[in-house]
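S.K.: Sharing a structure, written as C-alpha cells. Questions coming.
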Amino acid sequence: MRNCCNWAFKLQQPIRNVTVLVVGLDKAGKTLCTRGMLRAPLGKVSSTHGCVRYELRLENFLVNLLDTGGGPNFGVRSREYYGEAHGVIFVVDSSDRQRMKEVKAHLTDLLKHPRLAGKPLLVLANKQDRMNALLGSELVEVLSLEKLVNQSRSLCHIEPCSALMDLQRWSDRKTLRGLRWLLQAVSLDYLNLNARVVRDIGKSPGLQEKERKAKSEKCQRKNKVERTITIVALSFALGLFFVFMGTIKLTPRLSKDAYSEMKRAYKSYAKALPGLKKLGITSVLLRKIIGTVEVACGVVLTLVPGKPKDVANFLLLLVMLAVLFFHQLVGDPLKRYAHALVFGILLTCRLLIARQSDERLEREEQREEQVNAQEKNKIKVS
Ligand SMILES: Nc1nc2c(ncn2[C@@H]2O[C@H](COP(=O)(O)OP(=O)(O)O)[C@@H](O)[C@H]2O)c(=O)[nH]1
Ligand SMILES: [Mg+2]
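Sequential numbering of the sequence shown, starting at 15, is according to my numbering.
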C-alpha cells in the first residue's frame, strides 16, 4: 500500500530537468561511473569540447550527465559548465592512496567555487573492488569531507562503489543508487538551484555563444545536405530527360516514330513563323539547334558540377518557353505540350532552389565576416 502511494505521488510530480556535473581527477573512473549509471542502451550522447553529455530519464527527472575530461587544461575549461549544474558527482579512485592530497585540493577548489558552493554533492568512492581501496568512512576522514561540505553548506553523501562491477550487473548498482540520492537532494531545493542555474547560464556568454554556434552549424550542415540531395536528384533526372529528348530530335536511332513526329512538328512551327525563313532558319535547322542545345545542356546538368549547371538550367528553360510558344502558335491541344509545361516548372523549381542556397551561403558568409570583425574589435579594446 505504501509503495502504491509512493508510486502515485511520483506520477503526479512534474518532470524536472537536472544537470549533473561529473568531476574528479583523471583516471578516477568518471566515464565508467557515468556509464554505470546509464541503463543500456545508452541515452543520447553528444560531445561538447572535451565534455560528454549523456541524457537519462530516471523517474520524474530528465538528467543531463556531463562527463568532464579530455585534453590538457580541461580542469580550467570545465569551469564553463559549473553554472549549468544542479548537483555534482565527485568521483574518487579509492585505491589510489598516493593522490589523496591532490583529490582533497581539487575537491576544496570545487566546493569553494561560487557557482558550485552550496549545490548537492555526491562523492563516489570508486574502485571498491580493489584490495587496497579506502572505505567510505576512511575517505571521509582523509578528505576532511565533513569540514569541507559544512564550509560550503552543501548536502553531501558518500557512496562506495565499483563502476566496473556495476557495469556487469542489472540491479543494485551503487552508482545509480548514488545518483538517486543526488536527484532527491536536488529536488529538495530545486527552485533555488534552478534559479541559480538560469542566472549563471545567462552570465556565461562564452558557453551560450558556443552552444548557439554549434547548433547553427549543425542546422546549416543538415540544410546543406538536404538541399544538395534535392538539387543533385533534380539535375540528374532533368539532365537525362533532355539528353533523351534532344537525341530524338537529332537522330532516328532511338525511335523512328518519335523522330518523324518531331520532323513533322518542326515543319509546322517553321510554317507558322515565316520570319524564321527570312533569317535563313529552316525547320531542320531549328530542330537541330534545339536538339543540340537540349543534349548539351542535359549532359552539363547531369555531369558537370557547379555554376555551369545553372547556366544549362536557364538555357533549357528558355528552350521550354520557346517550345510552348511554338505549340500555342500552331494551336496544339494541351496533351501535346503538357510535358513541356511540366519540365518547364521543374526547371524553374531547380533554378530557384539553387539560387536560394547560393544567396543563403552568401548571407551566412557575410554574417560570419561581421561576427569575426566584431570579435577582432573586442580583442583590440580589451
Ligand atoms: N578495478 C576498477 N577499475 C576501474 C573502475 N572504474 C574505472 N576503472 C578503470 O580506471 C581507468 C580510468 O577509468 P575512466 O572511466 O576512463 O576514468 P576517467 O578518466 O575519470 O574518466 C580505466 O582503466 C578503468 O577501467 C572500477 O570500479 N574498478
Ligand atoms: Mg573520462
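Quick reminder that beta carbons are idealized off the backbone N, C-alpha and C, glycines included.
Bear in mind the structure is a predicted one, so any value in this text is a computation, not a measurement.
Taking Phe420 as the reference, which of Leu287, Pro28, Gly132 has the closest Cα?
M.R.: Past the edges of the chain, shown from 15 to 396, lies residue 420, and the structure says nothing about it.
S.K.: Give me the Cβ distance between Val333 and Ile359, rounded to the nearest whole Å; I'm assuming they're in contact under 8 Å.
M.R.: Not quite, the Cβ-Cβ distance comes to about 14 Å (not below 8 Å), so this is no contact.
S.K.: From the beta carbon of Ala284, is the nearest beta carbon of chain B less than 7 Å away?
M.R.: Structure shown: chain B not included; a single protein chain is present.
S.K.: Rounded to whole angstroms, what's the CA-CA distance from Ser108 to Arg213? Just pull it up for me.
M.R.: Computed Cα separation, rounded: 35 Å.
S.K.: Considering only C-alpha positions, which residue in the set Asn237, Leu343, Gly260, Glu275 is nearest to Leu287?
M.R.: Checked all of Asn237, Leu343, Gly260, Glu275; the closest Cα to Leu287 is Leu343.
S.K.: Can you list, in chain order, the residues of its chain whose CB lies under 7 Å from that of Leu290, leaving out five sequence neighbours each side?
M.R.: Excluding positions up to five away in sequence, the list reads Ala284, Leu300.
S.K.: Since Pro174 sits in a beta bridge, which residues does DSSP pair it with?
M.R.: DSSP output for Pro174 lists Ala139 as bridge partner(s).
S.K.: Is the beta carbon of Gly50 sitting closer than 7 Å to the one on Ala139?
M.R.: It is not a contact, given that the beta carbons lie outside the stated cut-off.
S.K.: In three-state terms, what does DSSP make of Asp271?
M.R.: Helix.
S.K.: Does DSSP put Pro55 in a helix, in a strand, or in coil?
M.R.: Model confidence at Pro55 stands at a pLDDT of 42, short of 50, so the residue's coordinates are unreliable and nothing is read from them.
S.K.: With DSSP as the reference, label Asp107 as helix, strand or coil.
M.R.: Three-state result, Asp107: strand.
S.K.: Less than 7 Å between the beta carbons of Leu315 and Ser269, yes or no?
M.R.: Contact: no.
S.K.: Across which residues does DSSP place Cys47 in a beta bridge pair?
M.R.: Note: Cys47 sits in no beta bridge, so no partner.
S.K.: State yes or no: is the C-beta of Thr189 within less than 7 Å of the C-beta of Cys47?
M.R.: In contact: Thr189 and Cys47 (Cβ atoms closer than 7 Å).
S.K.: Taking all protein chains shown into account, decide if Thr33 is buried (16 or more other Cβ within 10 angstroms of its Cβ) or exposed.
M.R.: Burial call: buried.
S.K.: Going by DSSP in three states, Leu35 sits in which element: helix, strand or coil?
M.R.: DSSP places Leu35 in strand when its eight states are reduced to three.
S.K.: Check Glu102 in the structure and name its three-state DSSP category.
M.R.: In the sequence as presented, Glu is not what sits at residue 102; that position holds Val. Correct three-state label for Val102: strand.
S.K.: Taking the C-alpha atoms as reference points, what is the distance between Leu135 and Glu231?
M.R.: For Leu135 and Glu231, the distance between alpha carbons rounds to 35 Å.
S.K.: For ligand 1, any of its heavy atoms closer than 6 Å to the Cβ of Leu46?
M.R.: Flag set: Cβ of Leu46 near ligand 1.
S.K.: Within the same chain, show all residues whose beta-carbon is closer than 7 Å to that of Arg267, passing over the 5 residues directly before and after it, in chain order.
M.R.: Excluding residues within five positions, none has a Cβ falling inside 7 Å.
S.K.: If I follow the unbroken beta strand (DSSP E) through Val77, where does it start and stop?
M.R.: Segment 75-81, the beta strand (DSSP E) holding Val77.
S.K.: Compute every distance between the C-beta of Ser92 and the non-hydrogen atoms of ligand 1, then say whether any falls below 6 Å.
M.R.: Incorrect: Ser92 has no Cβ contact closer than 6 Å to ligand 1.
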